[in-house]
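Below is one structure, written out as structure tokens, with a few remarks after it.
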Amino acid sequence: MTCNFEVCSKGGHHRRHLEHLYDKTKQQVNVVAEASHVNLLDSLQTYVGDIVSPKKCAACDISLRNRSLLCPTCASTVIRWNGSNDDPLAFAHYGGALATALLRLKYAKRPDLAHPLGCLLIDSTIRDLIKWEIEVVVPVPVPYSRLVDRGYNQAALIARPIARALSARFAPRALHRVDGSPKQASLNRQQRLANLRGAFSVRQPNAVRGRKVLVIDDVSTTGATLSACRAALCAVGAMEVRSAVVARTESPDMSH
Ligand SMILES: [Zn+2]
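Under the numbering used here, the first residue of the sequence shown is numbered 4, with each subsequent residue one higher.
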């Protein structure tokens with residue numbers, strides 16, 4: 004499913020402004036081992052968090068002296084995703100210590116990992132995202148029952164710093180996932196697409212109609228979830244829908 008859209012001609016000034024803002028705030032760090040912070044508030048929150056609980060590697064729990072997400076050993080297992088202008092854009096391939104961090108975020112009550120993962124994603128994709136002139140950032144929703152169990156939507160927590168960095172509207176409740184949609188594990192792409200038909204609806208069509216929308220998720224396997232979200236958003240008149248994820252994998256072994 005594709006959206007009809009026109010290339011915006013007003014982008015030059017806006018893009019230069021964003022690039023200037025981004026260059027000013029971007030820390031000169033290794034994006035694999037470090038999570039940069041997109042504004043002062045985020046930095047302060049992290050700083051306070053560091054005092055309350057010293058930083059540990061998100062995968063192996065070894066103590067860290069800096070604000071890295073991963074220790075050097077775990078960081079060496081991360082394989083960056085190279086595709087520029089891909090859809091979805093991604094920070095890295097799914098696997099190694101990054102997979103451990105993502106699983107902890109999702110299943111081990113570690114919502115604190117979402118912010119640094121979101122920062123890694125924005126750092127690694129900022130040039131494309133600025134080029135796309137994203138206006139609204141929408142996370143992939145989780146069913147209500149899983150939201151109650153988990154206490155948070157990991158995609159929304161990842162998406163928040165991305166919206167902030169892009170000066171885009173953050174619309175965490177724009178998409179709704181119907182409760183009771185079956186698990187996606189062990190299904191191929193066609194089965195997943197059929198399984199997801201009707202699984203998403205748009206609760207806030209005015210937030211996305213006529214706008215360039217970025218959908219954020221933690222992991223993409225077959226891309227079926229993102230396709231279903233795109234279809235729902237296009238159906239209510241989104242001008243263009245792009246997507247970005249922390250990690251991509253081709254093997255259908257995750258429940259997406
Ligand atoms: Zn480690």
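Cβ atoms here follow ideal geometry from the backbone N, Cα and C, with glycine treated the same way.
Bear in mind that the values here come from a model prediction, so they are computed numbers and not experimental data.
Contact check, residue i vs residue j, beta carbons under 7 Å
i: R192; j: A241; result: no
i: A247; j: P91; result: yes
i: Y147; j: D182; result: yes
i: A250; j: Y97; result: yes
i: A171; j: E138; result: yes
i: V222; j: L236; result: no
i: A177; j: A210; result: yes
i: A78; j: I125; result: no
i: A158; j: D220; result: yes
i: F94; j: S71; result: no
i: V151; j: V218; result: no
i: R165; j: G121; result: In the sequence as displayed, the identity of residue 165 is Ile instead of Arg. Contact: yes.
Any non-hydrogen atom of ligand 1 closer than 6 Å to residue i Cβ
i: C122; result: no
i: A62; result: yes
i: I82; result: no
i: I137; result: no
i: I65; result: yes
i: C232; result: no
i: C237; result: no
Status (buried if at least 16 other CB within 10 Å, exposed otherwise) for residue i
i: G163; result: Rather than Gly, the amino acid found at residue 163 in this sequence is Arg. It is buried - the Cβ of R163 has at least 16 other Cβ atoms within 10 Å.
i: P75; result: exposed
i: A263; result: The structure shown does not extend to residue 263, since the chain is modelled only from 4 to 259, so the question has no answer here.
i: A197; result: exposed
i: N33; result: Confidence at N33 is low in this model, with a pLDDT of 36, below 50, so its placement is unreliable and no value can be given for it.
i: D256; result: Reliability fails at D256, whose pLDDT of 42 lies under 50, so the model's placement of it is uncertain and no value is given.
i: N69; result: exposed
i: R245; result: buried
Residues near residue i in its chain [Cβ-Cβ closer than 8 Å; skip 5 each side]
i: H179; result: P144, F203, S204, V205 and R206
i: T252; result: H96, Y97, G98, V222, S223 and T224
i: I82; result: A95, H96, G98 and G99
Sequence-distant residues of the same chain with beta carbon closer than 6 Å to residue i, five excluded per side
i: L160; result: P114 and A117
i: P208; result: V239
Cut-off 7 Å between Cβ atoms - residues of its own chain near residue i, not counting five sequence neighbours on either side
i: S87; result: D131
i: A62; result: L73, C77, A100, T103 and A104
i: Y155; result: P114
i: G213; result: G240 and M242
i: W84; result: A93, F94, A95, H96 and R251
i: R107; result: A61, R113 and L116
Runs of alpha helix (DSSP H) lying entirely within the stretch 81–167, each at least 4 residues, in chain order: 99–110, 117–135 and 147–153
Ordered list of beta strand (DSSP E) runs contained in the stretch 189–213, each at least 3 residues: Residue ranges of uninterrupted beta strand (DSSP E) with 3 or more members, entirely inside the stretch 189–213 and ordered along the chain, are 203–205.
Within the stretch 224–257, ranges of the alpha helix (DSSP H) (whole runs, at least 4 residues): Scanning the stretch 224–257 for uninterrupted alpha helix (DSSP H) segments of 4 residues or longer gives 227–238, listed from N- to C-terminal end.
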